[in-house]
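Counted the way my numbering counts, the sequence shown spans residues 951 to 1312. Glycine residues also receive a C-beta, built at the ideal position from the N, C-alpha and C atoms. Note sheet for the following structure.
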Amino acid sequence: MTKAEHLTGMTRDELERFVSDAGEPAYRGRQIFSALHRRRLRSFDEMTDLPKEFRARLAERATASTLTVESRYVAEDGTRRYLLKTHDGLPVETVFIPEERRDTICFSSQSGCPLQCDFCLTARLGLLRTLTAGEIVEQIVVALNDAYGVGAKTPRGTNLVAMGAGEPFLAYEPLMKALRVMADEDGLHIVPNRVTVSTAGVVPKIRELAAEPDRPHLAISLAAPDDELRDKLMPINKRWPLRELLAACKEFEESLRPGERFTFEYVMLDGVNDTDDHARRLARLLNRHQLRAKVNLIPHNPADPLPYRPSPPERVEAFKEILESKGVHAFVRRPRGRDIYAACGQLAARRDNAPPALYQLS
Ligand code: SAH
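Spelled out as structure tokens, the structure:
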């Protein structure tokens, strides 16, 4: 097959142009856009409102879906984890997290990850490849169809977090493109205001994001209150140390809307970064920069080859209280889907350690 165009990664305008170039009226492009994103169809065959002959021609040079679902796991808390595969055989993981008032879909921006955060399982894969805009959008389509049925209206709002495998700021172009496609009201209609992008600290892209007219929210993975420890836990810190990272955050702050804050994520590693002293230094660091931010404390999710244990709950509470007493808003994140290896830092396409899939596809 010659390189087929993946239509799921195109904006509505691009699709109109694509069909015009193929000698069809532009409205066919709008029809396809709505079929892909509003009706969440994943093959041309299902688009029966298009003439059969046109569908056949489309299929010759384009594709509606490129990811295949390898397996799916459903956790006791309702979290669903999907192991997907790209057309070139690379693993992609997506997690669907139902909550009372909304659902959150955690998607991947890369297959594997080039950053070498010492506490994260995905790092062990290395970078396989950055995903395309279409591959990002498809993850959302797959998860929503699985949770609610093909094209079915979702009962709650959908939030997205770019916190799966990969570093989203090293996938900046496809990520922003995917967000534009998903924001379209004729499609998924998930606007950037419902999206949070998490970075390990790619400083130039923090500045670039601040300048985007319609941007998602920002979260920053911190994991340590000083350069010495952060260098060890997150080697990206050697390239962009805390001083530069926080200076960029300070600039980003000017783009915050009323009531908006940005988030620091702090993974809690037993005996490594979770003492009272670490908490005091973290508060001092954030207060020194006077940032309109909150801190999410994430107990470490263990995974076999990782040399860390989660901080005990009392430690996490004590850490939180110190932050609060210094005026830093802190929240403890409840891990979701740990039993199926769906929690933060556990995504590395493993099947071996997960319990048998409740509903295994394929
Ligand atoms: N590369 C981006 C996106 C990944 S987000 C980033 O670093 O922000 C994944 C989040 O999970 C990050 O905040 C990271 O610090 C956290 N994390 C990684 N491994 C973890 C683990 N084993 N347990 C808990 N949190 C982890």
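Given 7 Å as the limit, tell me if THR1149 has its C-beta closer than that to any heavy atom belonging to the ligand SAH.
Here residue 1149 refers to the residue found at position 199 of the sequence shown. Indeed, a heavy atom of the ligand SAH lies less than 7 Å from the Cβ.
So the beta strand (DSSP E) GLY931 belongs to, where does it begin and stop?
With the chain running from 951 to 1312 in the structure shown, residue 931 is simply not present.
Tell me which same chain residues have a C-beta within less than 7 Å of the C-beta of GLU1020, skipping the five on either side of it?
Looking up residue 1020 in the sequence shown gives position 70. So the qualifying residues of the chain are LEU1033, LEU1034, LYS1035 and SER1312.
Cβ-based burial, PRO1208 [other Cβ within 10 Å; buried from 16]:
Here residue 1208 refers to the residue found at position 258 of the sequence shown. When all chains shown are included, PRO1208 counts as exposed.
Flag this pair as yes or no: are the beta carbons of ALA954 and LEU986 separated by less than 8 Å?
The residue you call residue 954 lines up with position 4 of the sequence shown. The residue you call residue 986 lines up with position 36 of the sequence shown. No. Outside cutoff.
Tell me the start and end of each unbroken alpha helix (DSSP H) in the stretch 1189-1224 that is at least 4 residues and wholly inside, in chain order.
1192-1203
Between which residues of its own chain and ALA1073 is the CB-CB distance below 8 Å, once the five residues before and five after are set aside?
Against the sequence shown, residue 1073 aligns to sequence position 123. The residues are CYS1063, LEU1065, GLN1066 and CYS1067.
Below 6 Å CB to CB, which residues in the same chain sit around GLU1194 once its five sequence neighbours on both sides are set aside?
Taking the first residue of the sequence shown as 1, we reach residue 1194 at position 244. The answer, listed in chain order, is VAL1153.
Work out the CA separation of THR1018 and ALA1093 for me, nearest whole Å.
Walking along the sequence shown from the start, residue 1093 turns up at place 143. Walking along the sequence shown from the start, residue 1018 turns up at place 68. Near 12 Å, if we compare the C-alpha coordinates of THR1018 and ALA1093.
Straight-line CA distance for THR1044 to ARG1007?
Counting from one through the sequence shown, the residue named residue 1044 turns up at place 94. Counting from one through the sequence shown, the residue named residue 1007 turns up at place 57. The straight-line gap from Cα to Cα measures roughly 32 Å.
With DSSP as the reference, please indicate the residues paired to PHE1281 in a beta bridge.
Locating residue 1281 in the sequence shown gives position 331, counting from the first residue. Partner(s): ASN1246.
Mind reading off the beta-carbon distance from ARG1106 to ARG1052? Whole number of angstroms is fine, and I expect it under 8 Å.
The count along the sequence shown starts at 1 and reaches residue 1106 at position 156. The count along the sequence shown starts at 1 and reaches residue 1052 at position 102. That pair is a contact at about 5 Å.
In terms of residues, what are the limits of the beta strand (DSSP E) holding GLY1107?
Here residue 1107 refers to the residue found at position 157 when the sequence shown is read from its first residue. Run containing GLY1107: 1107-1112, per the beta strand (DSSP E) assignment.
Tell me whether GLU1215 counts as near the ligand SAH, meaning its Cβ is closer than 7 Å to at least one heavy atom of that ligand.
If you number the sequence shown from 1, residue 1215 lands on position 265. Yes, since a heavy atom of the ligand SAH falls inside the 7 Å radius drawn around the Cβ of GLU1215.
Outcome for GLN1240 when other beta-carbon atoms lying within 10 angstroms are tallied against a minimum of 16
In the sequence shown, counting from the first residue as 1, residue 1240 sits at position 290. Exposed, since its Cβ has fewer than 16 Cβ neighbours within 10 Å.
ARG1031 to ALA1112, Cα distance in whole Å?
Your numbering for residue 1031 matches position 81 in the sequence shown. Your numbering for residue 1112 matches position 162 in the sequence shown. Roughly 15 Å separates the two Cα atoms.
Proximity to LYS1188 [Cα-Cα], best of GLY1151, THR1213, GLU1204 and ASP1220
On the sequence shown, residue 1188 is found 238 positions in, with the first residue counted as 1. If we check each option's Cα against that of LYS1188, GLY1151 comes out closest.
Among ARG1286, LEU991, ALA1233 and VAL1266, nearest to ASN1095 - alpha-carbon criterion:
In the sequence shown, counting from the first residue as 1, residue 1095 sits at position 145. The residue with the shortest Cα to Cα distance from ASN1095 is LEU991.
By Cβ distance, which residues of its chain are closer than 7 Å to ALA1198, with the 5 residues on each side in sequence left out?
Taking the sequence shown and counting its residues from 1, one reaches residue 1198 at position 248. Closer than 7 Å at Cβ, skipping near neighbours: VAL1153, ILE1156 and ARG1157.
Given LEU1077, which residues of its chain have a CB within under 7 Å of its CB, disregarding the five upstream and five downstream residues?
Working through the sequence shown from its first residue, we reach residue 1077 at position 127. Cβ neighbours of LEU1077 beyond the five flanking positions: GLN1060, GLY1062, CYS1063 and PRO1064.
Does the Cβ of TYR977 have 16 or more other Cβ atoms within 10 Å, making it buried, or fewer, making it exposed?
In the sequence shown, residue 977 corresponds to position 27, counting from 1. Exposed.
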